[in-house]
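Going by the numbering used here, 46 is the number at position 42 of the sequence shown; the sequence numbering is gapless. As structure tokens, the structure follows; a few thoughts come after it.
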Amino acid sequence: MKKLTKTQKNKIRRVIVLVSAALIVALTVFFIIIKLFSVYYKQGTAMNEISKTDYSEYDVDKPEITEMFLTENINSRPGKKLSKVNGVVVHYTANPGTDAEANRNYFESRKDMPDNNKNKVSSHFVIGLDGTIIQCIPLDEIAYASNDRNADTISIECCHPDKSGKFNEATYDSLIHLIAWLCKKYEFNRDRIIRHYDVSGKLCPLYYVEHEDKWEKLKRDAWKCFLNSKKTV
Ligand SMILES: [Zn+2]
5 MKKLTKTQKN KIRRVIVLVS AALIVALTVF FIIIKLFSVY YKQGTAMNEI SKTDYSEYDV
65 DKPEITEMFL TENINSRPGK KLSKVNGVVV HYTANPGTDA EANRNYFESR KDMPDNNKNK
125 VSSHFVIGLD GTIIQCIPLD EIAYASNDRN ADTISIECCH PDKSGKFNEA TYDSLIHLIA
185 WLCKKYEFNR DRIIRHYDVS GKLCPLYYVE HEDKWEKLKR DAWKCFLNSK KTV
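Below, the structure is given as structure tokens:
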């Protein structure tokens, strides 16, 4: 065989390098496409799962709710009708150690205050440190809790023992149950469970804004509670 000249050898080496580089690029693009496709496919499947939910197959027990409706007043219970309900908004009271009734009474006390935005504060539900659920406003009326979403959401204020804003177990369990019940009642999927933070950017509920993973877990737990209520035929 004819011996290759140095130039020919270099040429061959360059061709090998170029072909290898092209191969690497092609493989990378191929894997990116595969990855994107699988993510898209998974999302599609998840969406299908949600849209396929037949809510008549589920039956979440109504949690124990103590009705202590506020007196109708311009500040905390305006008596305006909720036209439709598109979501559930979770809040924290930002008042460590206070209980459900104290927070409910704070909303009630706004009735004697001047008619201004600062006094327009309330919530459909307040969940206490022992898990007690107090309802302050009927579900067909609006509450003043979630800024732009007051008109189409149900609000839940949660008490918390300390400044971190983390809910204790009793509050957490009642919250999960209440959300699951609302998911069934309004035929919501878990995407309809949002934080005050998701509406206005306010750091509420603080702990679940600072710990995104805990918020995701909370939503998962609520959805699991809903799914666990599947009727056995
Ligand atoms: Zn809030």
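Backbone N, C-alpha and C fix where the C-beta goes; we use that ideal spot for every residue, glycine too.
Cβ-based neighbour list, residue i, same chain, cut-off 8 Å, excluding 5 preceding and 5 following
i, result
"serine 233", "Tyr62, Asp63, Val64, Asp65, Ala184, Lys188"
"threonine 49", "Bear in mind that a pLDDT of 49 at threonine 49, under 50, signals an unreliable position, so the number given afterwards is only what the model happens to contain. For threonine 49, where only same-chain residues beyond five positions count, there are no Cβ hits under 8 Å."
"leucine 179", "Val94, Ile131, Ile160, Cys162, Phe171, Leu222, Ala226"
Residue i CB to nearest heavy atom of ligand 1 below 7 Å
i, result
"cysteine 140", "no"
"alanine 104", "no"
"histidine 95", "yes"
"serine 187", "Going by the sequence as given, residue 187 is cysteine instead of serine. Not so, every heavy atom of ligand 1 lies at least 7 Å from the Cβ."
"histidine 200", "yes"
"alanine 155", "no"
"cysteine 208", "yes"
Cβ shell of residue i (< 6 Å), same chain only, five flanking positions each side left out
i, result
"asparagine 52", "Only weak support is given to the placement of asparagine 52: the predicted model assigns it a pLDDT of 48, under 50, and the question is left unresolved by the model."
"glycine 132", "Asp103, Ala104, Cys163"
"methionine 72", "Arg108, Ile138"
"tyrosine 190", "Val89"
Neighbourhood of residue i by C-beta distance below 7 Å, restricted to the same chain and skipping five residues each side
i, result
"threonine 136", "Thr70, Ala104"
"proline 100", "His164, Pro165, Asp166, Lys167"
"asparagine 123", "Asn79, Arg114, Met117"
Span of the alpha helix (DSSP H), counted from its first residue to its last, around residue i
i, result
"cysteine 187", "173-190"
"valine 213", "210-214"
"glutamate 105", "104-113"
"histidine 128", "Taken as a continuous stretch (DSSP letters only), histidine 128 belongs to no alpha helix (DSSP H), as it is neither H nor E."
"histidine 200", "200-204"
According to DSSP, residues forming a beta bridge with residue i
i, result
"lysine 85", "Glu145"
"histidine 164", "Looking at the DSSP assignment, histidine 164 forms no beta bridge with any residue, so it has no partner."
"glutamine 139", "Glu71, Phe129"
"threonine 157", "Gly91"
"asparagine 77", "Arg81"
Residue i, enclosing beta strand (DSSP E) - first and last residue
i, result
"glycine 101", "Premise fails: glycine 101 is in no beta strand (DSSP E) and is neither H nor E."
If contact is defined by three or more beta carbon pairs under 8 Å, each pair taking one atom from either stretch, is the stretch 111-130 in contact with the stretch 188-208? A contact between stretches requires three or more CB pairs, one per stretch, nearer than 8 Å, and the stretch 188-208 fails this requirement with the stretch 111-130.
Determine contact between the stretch 68-85 and the stretch 110-130, defined as no fewer than three beta-carbon pairs at a distance below 8 Å. Output reads yes: the stretch 110-130 touches the stretch 68-85.
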